[in-house]
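Note that the numbering used here gives residue 26 to position 14 of the sequence shown, counting from 1, and the numbers run on in steps of one. So the structure is just underneath, and the comments pick up after that.
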Amino acid sequence: MRVLVTGGAGYIGSHTSVELLKEGHDVLVVDDLSNSSPESLRRVAELAGRPAEFIEANVGDAAALDAAFVSFRPDAVIHFAGRKAVGESTQLPLLYYRENVAATVTLLEVMAAHGCGRIVFSSSATVYGSASEPPFAEDAPTGATNPYGWTKHMIEQILADAAAADQELAVAVLRYFNPIGAHESGRIGEDPKGVPNNLLPFVAQVAAGRRTGLQVFGNDYPTPDGTGLRDYIHVVDLAQGHLAALARIGEGAGCHVWNLGTGRPLSVLEVIEAYQKASGVTIPYQIVARRPGDVAASYADVSKAERELGWRAQRSLDQACADTVRWQSNNPDGYAG
Ligand code: UFG
């Protein structure tokens, strides 16, 4: 299949591109490199044994996208590109609505103009908010508490409406839990710009000596050790979930929603301990106040994805930590090195 991958130079996009190429698909990456490096695509080619094509463009650029569809003639799109920092979204909401919501509308219009009827979308477990208790099944109530979350929620609605109106359109909405880890080769991984927002990249930088210590945001949650529980999924498992979803929506039109997680809740302290074991380094940390907007626990009910996609996460937290250590120690400055 010919697959156009938006945001394919980024963390999850690069790992998914490797899996697509290895399975024999042709890949065109469309990425504006605003939060990624072209070096990741050189390494994707090295790992897959053949390259993805690449166009440097923002998905909101209708003319560039149109040209990409003319030249590449994709059968399907996997749409990763978008902004993803919760805090930034509260400061720059219009940027988030433009680059996430409006750009997705542009993408759907260009797809329709070229008769491309298959799309896999990167949504987030953030849409479950705190309206119900985990494990979250796909039919749990949804909402959002910040502009980033609303963009994911709105795009899901737009995709459902577009699929309802177009009997030829097949949509997979994938709700990611907490992606972690790196390719086992240590050649590609997560390369956050500035101070990492997420737990694992922060822990990795502390272990590597780039930061002095970790702040643990609260130990008074109603959880076994008082710290937040999350569902950490290895990025290669996540990537493989996209291939399963892409194959499944090839069977017919309609809009489908699947959780991609492990179903296994892990605490912040368990993650720190696993990283210490993998790295052999003690991670200094300090318990501080809860981070505004955090929920006590978020983890997936994975039964629908298992049943309908024949997919389940295979890799453990220990493996994800070992792979992150390898990526971090081989690339102390990320792709910039
Ligand atoms: N945490 C710390 N210290 C840190 C960073 C995180 O203690 O320096 C804790 C958090 O409080 C939370 C856990 O580690 O309990 C995980 O936090 P992350 O920031 O790594 O992940 P979140 O679950 O908050 O966020 C992720 C995605 C978001 C998405 C959200 C809900 O990064 O995009 O899940 O699905 F919105």
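For glycine and all other residues, C-beta sits at the position ideal for the given N, C-alpha and C.
query: What residues in its chain sit with their C-beta under 7 Å from that of A114, if we drop five residues either side in the sequence?; result: G72
query: Thinking L258 and A88 are a contact (beta carbons under 8 Å), I'd like their distance in whole angstroms, please.; result: 6 Å
query: I'd like to know whether the C-beta atoms of L171 and I200 end up nearer to each other than 9 Å.; result: no
query: First and last residue of the alpha helix (DSSP H) that includes G161?; result: P159 to A177
query: Going by the CB atoms, is the gap between Q227 and Q298 shorter than 9 Å?; result: yes
query: Note the first and the last residue of the continuous beta strand (DSSP E) segment covering R187.; result: A182 to Y188
query: Are the CB atoms of R338 and S197 within a distance shorter than 9 Å?; result: yes
query: To which residues of the same chain is L32 closer than 6 Å at the C-beta, ignoring the five residues directly before and after it?; result: V15 and V39
query: Which residue's Cα is closest to the Cα of V82: I67, A93, H91 and V283?; result: I67
query: Compare the beta carbon distance of L119 and H91 with 9 Å and say whether it is the shorter of the two.; result: yes
query: Is Y23 a contact residue of the ligand UFG, with contact defined as CB to any heavy atom under 8 Å?; result: no
query: By how many angstroms is the C-alpha of N209 removed from the C-alpha of A290?; result: 21 Å
query: Give me every residue whose Cβ sits closer than 7 Å to any heavy atom of the ligand UFG, in chain order.; result: K96, V98, S136, A137, T138, Y160, G161, F189, N190, N209, N210, L211, L212, F214, L226, Q227, V228, F229, G230, T239, G240, R242, V280, R303, D306 and S310
query: T18 lies in the beta strand (DSSP E); which residues open and close that run?; result: R14 to T18
query: Measuring CB to CB, does S48 end up less than 9 Å from G25?; result: yes
query: Do Y160 and Y108 come within 9 Å of each other at the CB atom, strictly closer than that value?; result: yes
query: Mapping the DSSP letters down to three states, classify C333 as helix, strand or coil.; result: helix
query: Check the C-beta distance from G305 over to T154 and give it rounded, since I have them as a contact under 8 Å.; result: About 16 Å; that fails the 8 Å criterion.
query: Can you tell me which of R242, D78, A137 and G127 puts its alpha carbon nearest to the alpha carbon of K96?; result: A137
query: Should D237 go down as buried or exposed, given a rule of 16 or more other Cβ atoms within 10 Å for buried?; result: exposed
query: Beta-carbon separation of I192 and H246 under 9 Å?; result: yes
query: Tell whether a beta-carbon distance below 9 Å holds between K164 and S135.; result: yes
query: Taking the Cβ atom as the reference point for each residue, do A265 and Q179 lie within a distance shorter than 9 Å?; result: yes
query: Along the chain, which unbroken stretches of the alpha helix (DSSP H) at least 4 residues long are found entirely within the segment 97-157?; result: 98-103, 105-108 and 115-125
query: At which residue ranges does the segment 275-315 contain complete alpha helix (DSSP H) runs of 4 or more residues, listed in the order of the chain?; result: 280-291
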